[in-house]
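K.L.:
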Amino acid sequence: NAGVTQTPKFRILKIGQSMTLQCTQDMNHNYMYWYRQDPGMGLKLIYYSVGAGITDKGEVPNGYNVSRSTTEDFPLRLELAAPSQTSVYFCASSTMGGGYGYTFGSGTRLTVV
Amino acid sequence: GESVGLHLPTLSVQEGDNSIINCAYSNSASDYFIWYKQESGKGPQFIIDIRSNMDKRQGQRVTVLLNKTVKHLSLQIAATQPGDSAVYFCAENRGGDFGNEKLTFGTGTRLTIIP
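Protein sequence lines, in the order shown, are assigned to chains A and B.
Each residue of the first sequence is one higher than the one before, starting from 7 at the first, in this note's numbering.
Each residue of the second sequence is one higher than the one before, starting from 8 at the first, in this note's numbering.
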């Protein structure tokens with residue numbers, strides 16, 4: 007099994023550009039999450055989804071959007087990139103919420119210049 | 008404010024020795040705790056978890072201790088190996104409507120194993 011796959015692994019964006027971070031999982035997990043990790047900080051929840059068609063904001067949703075049209079995919083959209091969005095982004099999935107059995111992807115390192 | 012934090016940002020341990028990584032939490036309603044290991048360039052990897060109705064849980068070379076009286080969590084790694092070098096995070100489930108609980112992560116401790 008591939009688990010949770012994130013693409014791209016690295017990206018440099020200019021201020022004001024947009025991009026989509028891709029996340030796909032092959033474990034048929036209902037729950038999916040997007041986190042960002044800033045240097046020396048813990049992971050902060052951006053958005054999460056409890057199933058296809060259902061998404062909700064996390065702790066730091068401003069500047070991001072998500073969609074969940076299928077169980078497998080949970081893309082994260084950055085509109086009008088800003089330097090404050092320079093971070094490492096992790097996608098995770100689980101069979102249920104609450105932290106049980108999270109599987110994380112390997113991350114996307116994004117730099118906004 | 009409420010937080011999940013770590014006492015030490017870095018820890019160096021001689022190979023073969025035991026290591027202890029600490030974590031403080033402040034929400035007495037939290038009922039589930041997890042330790043993750045994050046190697047350089049990779050995503051967090053589950054190590055061990057513990058529910059609030061337990062005070063100790065053991066895995067392979069790892070033990071998690073939970074002291075609810077002082078809101079303290081620790082991860083003990085026995086006979087450390089070079090592969091144990093990583094950043095270790097604690098995370099807590101602060102509760103909520105079933106299915107919508109979310110984890111809150113600590114800032115992490117970098118463990119370095121000295122050969």
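From the three backbone atoms N, C-alpha and C, an ideal C-beta is built for every residue, glycine too.
In this text, all values refer to a predicted model and were calculated from it rather than measured experimentally.
Who are the Cβ neighbours of leucine 86 of chain A in its own chain at under 7 Å, not counting the five residues just before and after it?
P.N.:
If we look at leucine 86 of chain A and ignore the five residues flanking it on each side, its Cβ neighbours are Gly22, Ser24.
K.L.:
Sorted by chain position, which residues of the same chain lie with C-beta nearer than 8 Å to asparagine 121 of chain B's C-beta, five sequence neighbours on each side aside?
P.N.:
Before going further, note that residue 121 of chain B is isoleucine rather than asparagine in the sequence given. Cβ neighbours of isoleucine 121 of chain B beyond the five flanking positions: Ser19, Val20, Gln21, Glu22.
K.L.:
Using a Cβ-Cβ cutoff of 7 Å, what residues of the stretch 32-43 of chain B are near chain A? List them in chain order.
P.N.:
Of all residues in the stretch 32-43 of chain B, Tyr39, Ile41 have a Cβ within less than 7 Å of some Cβ in chain A.
K.L.:
Give me the Cα-Cα distance between leucine 110 of chain B and asparagine 74 of chain B, rounded to the nearest whole angstrom.
P.N.:
One C-alpha to the other measures close to 19 Å.
K.L.:
Among A:Leu84, A:Ser90, A:Gln91, A:Gly113, which one has its Cα closest to the Cα of alanine 98 of chain A?
P.N.:
Comparing Cα positions, the closest option is A:Gly113.
K.L.:
From glycine 111 of chain A to glutamine 12 of chain A, what does the alpha carbon distance come to, in whole angstroms?
P.N.:
Using only the alpha carbons, I get a separation of about 6 Å.
K.L.:
For chain B, check one thing: does any of its Cβ atoms lie closer than 8 Å to the Cβ of methionine 47 of chain A?
P.N.:
Methionine 47 of chain A counts as touching chain B.
K.L.:
Buried or exposed: glutamine 31 of chain A, going by 16 or more other Cβ atoms within 10 Å of its Cβ?
P.N.:
Buried.
K.L.:
Counting only Cβ pairs nearer than 8 Å, list the residues of chain B close to leucine 51 of chain A.
P.N.:
Within 8 Å Cβ-Cβ: Lys109, Leu110.
K.L.:
In chain B, which residues lie with their C-beta within 8 Å of the C-beta of phenylalanine 96 of chain A?
P.N.:
Within chain B, the residues near phenylalanine 96 of chain A are Gly50, Pro51.
K.L.:
Within 8 Å of any Cβ in chain A, is that where the Cβ of asparagine 100 of chain B sits?
P.N.:
So yes, asparagine 100 of chain B belongs to the interface.
K.L.:
Applying a beta-carbon distance threshold of less than 8 Å, which residues of chain A neighbour threonine 114 of chain B?
P.N.:
Those within 8 Å of threonine 114 of chain B in chain A are Gly46, Met47, Gly48.
K.L.:
If the cut is a Cβ gap below 9 Å, which residues of chain D does phenylalanine 110 of chain A touch?
P.N.:
The structure shown has no chain D; the protein chains it does contain are A and B.
K.L.:
Any idea what DSSP makes of glutamine 28 of chain A, helix, strand or coil?
P.N.:
If DSSP states are grouped into helix, strand and coil, glutamine 28 of chain A belongs with the strands.
K.L.:
Does the structure place the stretch 36-49 of chain B close enough to the stretch 80-95 of chain B that three or more beta carbon pairs sit under 8 Å?
P.N.:
Yes, they touch.
K.L.:
Between which two residues does the beta strand (DSSP E) harbouring tyrosine 39 of chain A extend?
P.N.:
Here the beta strand (DSSP E) through tyrosine 39 of chain A covers 37-43.
K.L.:
Need the endpoints of the beta strand (DSSP E) that phenylalanine 40 of chain B sits in, please.
P.N.:
Where phenylalanine 40 of chain B is concerned, the enclosing beta strand (DSSP E) stretches over 39-45.
K.L.:
When DSSP labels each residue in this structure, what does leucine 13 of chain B get in the three-state scheme?
P.N.:
With a pLDDT of only 43 at leucine 13 of chain B, under the threshold of 50, the placement of this residue in the model should not be trusted; the figure read from the coordinates follows. Of the three classes helix, strand and coil, the one that applies to leucine 13 of chain B here is coil, per DSSP.
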